[in-house]
Amino acid sequence: MEKFKIIFYPDNKTIEAEKGVTILSAAISAGIHINSSCGGDGVCGRCKVILKKGQAVSLPTGRITAEERKKGYYLSCLSVAQSDIEVEVPKESRLDSETISDEDAYMLRLKGIFSEPVDIDRGEAIISEELFIHSPLATKLYLELPKPSLEDKISDLERIYRAIRAIQDTPVLQTGIANIRRLGELLRSSGWKVTVTLGKRNGTTEIVIIEPGDTSGRNYGFAFDIGTTTISGQLIDLNSKKILGTKAAFNKQATFGSDVITRIIFAQEKDGLEKLHHAVIDEMNVMIQELTQENKIDLNDVTCCLCAGNTTMIHLLLRVDPTYIRRDPYVPTANFVPVIRALEAGIKVNPRGLLDCVPGISSYVGGDITAGVLACGMDKTDKLSLLIDIGTNGEIVLGNKDWMISSAASAGPCFEGSGVTCGMRASKGAIQKVKIDPKTFTVEYSTIADTQASGICGSGYIDIIAELLRSGIIDRGGKIDPSLTHRRIRDGEYGKEFTIAFKEDVGTAADIVITETDIENLKRAKGAIYAAAAMLVRHMELSFNDLAQIFIGGGFGTYVDMPNAVFIGLLPDLPKEKFVFVGNSSLIGARQILLSHDAILDAEEIAKKITYFELSVEPNYMDEYVASLFFPHTDLSKFPNVKI
Amino acid sequence: MALELVKDKWVNAVSVLTIGATKEEGGSRGRIVKCGGEESLPFLFSEGKIPHRPVIAMEVLDVEPDDWPRTLTSAIGPAIKNPVEWAQKCESEFKADLICLRLAGAHPDAQNKPVDQLVKVVKDVLKATTIPLIIVGCGEDKRDNEVLPQCSQAAKGEKVLIGEVVQENYKTLTASVLADGHSIIAQSPIDINIAKQLNILITDMSMPLDRVAINPTVGALGYGLEYAYSIMERARLAALSGDKMLAMPFISFVGYEAWRAKEAKALVLEFPKWGSELERGITWEALTTTAFLQAGADIMVMRHPKSVELVRNHIEELMRG
């Protein structure tokens, strides 16, 4: 097979690629990131490169202008080398977290691809009482073993088992051969003083790690929420249950498509699954690195990880082909994934450390929802409650301790601060509370951590739309009144826009605005979520008024103005006392499971109990959805308390 | 025991839309047209009053149409070259209830006529006819926003019906129509929710409910008629059940749809088995129209004088009960 040498600039990296391999694929092998949101279909036109030397051929594309062609531009996904070549990856095609400029970061953020891991709210427990006893996924025990003698000559391994059982009731113990092979030497060289890490593995207890000396004071774990758009990670001291740090970043898989369906399709392409897998693992490893370094923790003392995520995300995390999730009858490969070694999935912690995933419910309702239900305690009460998780895939669970039913609606990432012009996640500097004076259109806002504003997060968008409606700047369809003239209102690239903060005042590269296109996206997102909730409640022949409590989850940071969320028609028209803001309930649930074996047993029960209602086959869903594409709703009688 | 028919009881009626104003009312029309007001489903006289019969508007273009089949153009005759004569002929010879003047020449891809020329056509048609007028733009938002408010102003006092507004573009025209005392056509893409949303948006601008006509968009026989029919039926059921935001008369551009159908236009030479194109085109328009009469359409905008006659006779028969 003929091979060509390809040099990529400005990285100056060289790779040999077999003839016929696209320049994009070669770049990925070389570890060079080139943007591509269509997954190499030649559709998005984001993977442009400039040929500096040598010959290449390309399939025809309308994404390269005549002028660009003259300059040597190629779409890397459609082009292959014909000789040794040298190519430059231009700025607009690069994704480089080291050198990324504000402007690029801003553009990538819009596409939901880039964000540095940022500190976010840790997610306080929703139910204040301790529901689960402290028994983490991995615990460390320091053992001082009696030396063997003629009177006490049981084997080394049994000696360890006996010592463990003297401390705790552990009927089924197992140990891997690797540990047994080292055991004889290790016990003797350590003077019979060792620390064993015990992992809860699928109904048994495994001796995961045996280390010399006493390291039992240093036992850490990670809880992750792997969302389609956002990945959140939390470092926890497993001994003290203390949260040491929480970070979030956008899921880089968005390079290959913004929703799960596009990613499943992409996974079927050559190396597609591999690329998706790496995108998520790399992001998790970056977070693990940063959080352990910030807390001066040795990676070897991180003994376990617990991941909650939607079903597709978990498949991709484990490099399991997700193809069948989107094929009728929509069956995933696994909802209940056994505990494995974190390293098997590529997570860089202690090489023998464990990885557990929260069990999922169906193809489109995953372990993140199981974790959410657990965190809200929905399975422990007679009272009827509803959990609405406002994410890229909006999931809804309805029920109580006797029954539960779930549903999912594709809402898009805008409430997570992605896919909207000035969106950002709920972290430092995000505008989260907004008031607009109906007469002067003066904007008052507050940001997370009260720092200079740098963007708008989901809760900010909810307030902005409500305030724009109240002040008559937009109509119920979401269009800015064309007859208004004001310095905050202008025509932009994406229709009219309203300025929330001027760049001179906040020091950003551009004004912080909301455009008509943003409003349209937010309207669709809120419509999908409301429609799904309404359909599910109606399906059970209930009404919203029958609900005792509604839990609202999502990446909103610390705050959602419930009356405003009702005002725009995101949530049903109920008294605000009924709403409980729970934030990232998936991460909270994942932490609980990481810290208690009882919680994982409960989670399994929940996952088994929840049934799934498929909205896509429900003929009325589309109708309900279009009716919801209005502020607050086409059927105004459903929102009797909303007066615009 | 005598068989008793099941009767539905309805709580709401369709609003009554008035088009045209006589001298006494500040206009210059010889008569006015009232439509809507139904208290029951179409022609079910036993369930409620149907105070006004469905009416027929005939379509007149400000420019000579270039895509109409010969069967259609020849029926109108040489007057088709002149909107004023064409309109007069619709009134005196074809007995239309209304004229629907479509300003096709305003479209940037067509003749992109200047506003004053278009306004003049409106004025001339008003002067030459005595029946009420409907004015429809070219369908290009920007151009319509430029042209239609001027036409609205020029026709002030005549209580014309002007359109069309859509969800993405309704404010400019609604404001003029409101100020000049006319009524408005709200167009939605065969979608009951969007129809209602647009009505809410328009009435949020304080347009009275009885000055709005819904164009739910229709499809010709063989081209989605059933779907359009079911949307209209649902909207009308909602209206009669109390939804005021859907309780407006329907205007259906049946002629436009029917004459786009291949079955209406194709020559007998092309499809010998299909029979005479003259008869076929007329039948296609008439059948499409009568179907939508049953769905609740109140204003039929039609093209061929012969199908107009057929439909008029059909309406008379239906209205006898």
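Residue numbers (our numbering), protein chains in the order written: chain A, 1 to 644; chain B, 1001 to 1321. All C-beta atoms in this analysis are idealised placements derived from N, C-alpha and C, irrespective of residue type, glycine included. All figures in this text were calculated on a predicted structure; none of them were measured in a lab.
* Using the beta-carbon count (16 or more within 10 Å), is Thr311/A buried or exposed? -> It is buried - the Cβ of Thr311/A has at least 16 other Cβ atoms within 10 Å.
* Asked: Cys414/A and Ala525/A: beta carbons closer than 8 Å?
  -> It is a contact, given that the beta carbons lie within the stated cut-off.
* **Chain-ordered residues of the stretch 461–488 of chain A with a beta carbon less than 9 Å from chain B** => Answer in chain order: Asp475, Arg476, Gly477, Lys479, Asp481, Pro482 and Ser483.
* CB contact below 8 Å: Asp573/A versus chain B -> No, no contact with chain B.
* Asked: Would you report the Cα separation of Gly42/A and Ala66/A, rounded to the nearest angstrom?
  -> The straight-line gap from Cα to Cα measures roughly 17 Å.
* Within the stretch 545–628 of chain A, note down every full alpha helix (DSSP H) run reaching 4 residues or more, in order along the chain. => 562–567, 585–595, 597–609 and 619–628, all fully within the stretch 545–628 of chain A.
* To do: Using 10 angstroms around the beta-carbon of Tyr494/A, count the other beta-carbons present and answer buried if the total reaches 16, otherwise exposed.
  => Around the beta carbon of Tyr494/A, fewer than 16 other beta carbons sit within 10 angstroms, so the residue counts as exposed.
* Would you check if the stretch 468–480 of chain A and the stretch 501–520 of chain A touch, i.e. whether three or more CB-CB distances between them fall below 8 Å? => Touching, yes.
* Jot down the residue ranges of each uninterrupted alpha helix (DSSP H) in the stretch 1105–1193 of chain B, minimum 4 residues, whole runs only, in chain order. => Runs of the alpha helix (DSSP H) lying entirely within the stretch 1105–1193 of chain B, each at least 4 residues long, are 1115–1128, 1141–1154 and 1171–1180 in chain order.
* Asked: Per DSSP, Pro212/A is paired with what?
  -> In DSSP, Pro212/A forms a bridge with Val194/A.
* Asked: DSSP three-state call for Gln82/A: helix, strand or coil?
  -> Coil, per DSSP.
* Tell me which same chain residues have a C-beta within less than 6 Å of the C-beta of Val727/A, skipping the five on either side of it? -> Since the first residue shown for chain A is 1 and the last is 644, residue 727/A is missing from the structure and cannot be characterised.
* Residue environment, Ala449/A, which counts as buried when at least 16 other CB atoms sit within 10 Å -> Result: exposed.
* Beta-carbon of Lys1171/B versus every beta-carbon of chain A: anything under 8 Å? -> Interface criterion met: the Cβ of Lys1171/B is under 8 Å from a Cβ in chain A.
* Asked: Quick one, are the C-beta atoms of Asp282/A and Ala590/A less than 8 Å apart?
  -> No, the Cβ-Cβ distance between Asp282/A and Ala590/A is not below 8 Å.
* **Three-state secondary structure assigned by DSSP to Gly423/A** => Gly423/A falls in the strand class under three-state DSSP.
* Under 8 Å between the Cβ atoms of Ile1194/B and Ile1162/B? -> No.
* Name the two residues that bound the continuous alpha helix (DSSP H) containing Lys523/A. => For Lys523/A, the uninterrupted alpha helix (DSSP H) segment begins and ends at Glu516 to His539.
* Asked: Which chain A residues sit within Cβ distance under 8 Å of Asn1193/B?
  -> Those within 8 Å of Asn1193/B in chain A are Asp623, Val626, Ala627, Leu629, Phe630 and Thr634.
* **Per-residue contacts from Lys1196/B into chain A (C-beta, under 9 Å)** => The contacting residues are Ala627, Phe630, Thr634 and Asp635.
* Taking 8 Å as the CB-CB limit, is Asp1116/B close to chain A? -> Interface residue (Cβ-Cβ distance to chain A less than 8 Å): Asp1116/B is not classified as such.
* Can you find at least 3 beta carbon pairs, one from the stretch 1030–1042 of chain B and one from the stretch 1050–1059 of chain B, that sit closer than 8 Å? -> Yes, the stretch 1030–1042 of chain B touches the stretch 1050–1059 of chain B.
* **4-residue-minimum alpha helix (DSSP H) runs that sit fully inside the stretch 430–488 of chain A, ordered along the chain** => Counting only runs of 4 or more, we get 458–470.
* When we look at the beta-carbon of Asn12/A and count the other beta-carbons within 10 Å, is it buried (16 or more) or exposed? -> Result: exposed.
* Contact with chain A by Tyr1153/B, beta-carbon distance below 8 Å -> It is Gln, not Tyr, that sits at residue 1153/B in the sequence shown. Taking a beta-carbon distance threshold of 8 Å, Gln1153/B does not count as an interface residue toward chain A.
* **Cα-Cα separation between Phe556/A and Leu587/A, rounded to whole angstroms** => If I take the Cα positions, the gap works out to 13 Å.
* To do: Could you confirm whether any beta carbon from chain B is found closer than 8 Å to the beta carbon of Pro619/A?
  => Judged by the 8 Å Cβ criterion, Pro619/A is not in contact with chain B.
* To do: Quick one: using the 10 Å Cβ neighbour count with 16 as the cut-off for buried, is His486/A buried or exposed?
  => Classification for His486/A: exposed.
* Asked: List, in order along the chain, the chain C residues whose C-beta lies closer than 9 Å to that of Asp1204/B?
  -> Checking the listed chains, one finds no chain C in this structure; the protein chains it contains are A and B.
* State whether the stretch 1239–1247 of chain B contacts the stretch 1279–1287 of chain B, with contact taken as three or more CB pairs (one from each stretch) at a distance under 8 Å. => Here the stretch 1239–1247 of chain B makes no contact with the stretch 1279–1287 of chain B; the two share fewer than three CB pairs at distances below 8 Å.
* Could you check how far apart the C-beta atoms of Val1125/B and Gln1150/B are, in whole angstroms? I think they sit under 8 Å. => No, Val1125/B and Gln1150/B are not in contact; Cβ-Cβ is about 15 Å, not under 8 Å.
* Asked: According to DSSP, which residues form a beta bridge with Glu16/A?
  -> For Glu16/A, which the question treats as bridged, DSSP gives the partners Lys5/A.
* **Any C-beta of chain A under 8 Å from that of Leu1200/B** => Per the sequence shown, residue 1200/B should be read as Ile rather than Leu. So, interface residue.
* Asked: Is DSSP giving Arg1029/B helix, strand or coil here?
  -> The answer is strand: DSSP assigns Arg1029/B an E or B state.
* Asked: How far does the alpha helix (DSSP H) with Glu1309/B in it reach, from first residue to last?
  -> Boundaries of the alpha helix (DSSP H) around Glu1309/B: Pro1305 to Met1319.
* Using a Cβ cut-off of 8 Å (strictly closer), state whether Gln1167/B contacts chain A. => At least one chain A Cβ lies under 8 Å of Gln1167/B.
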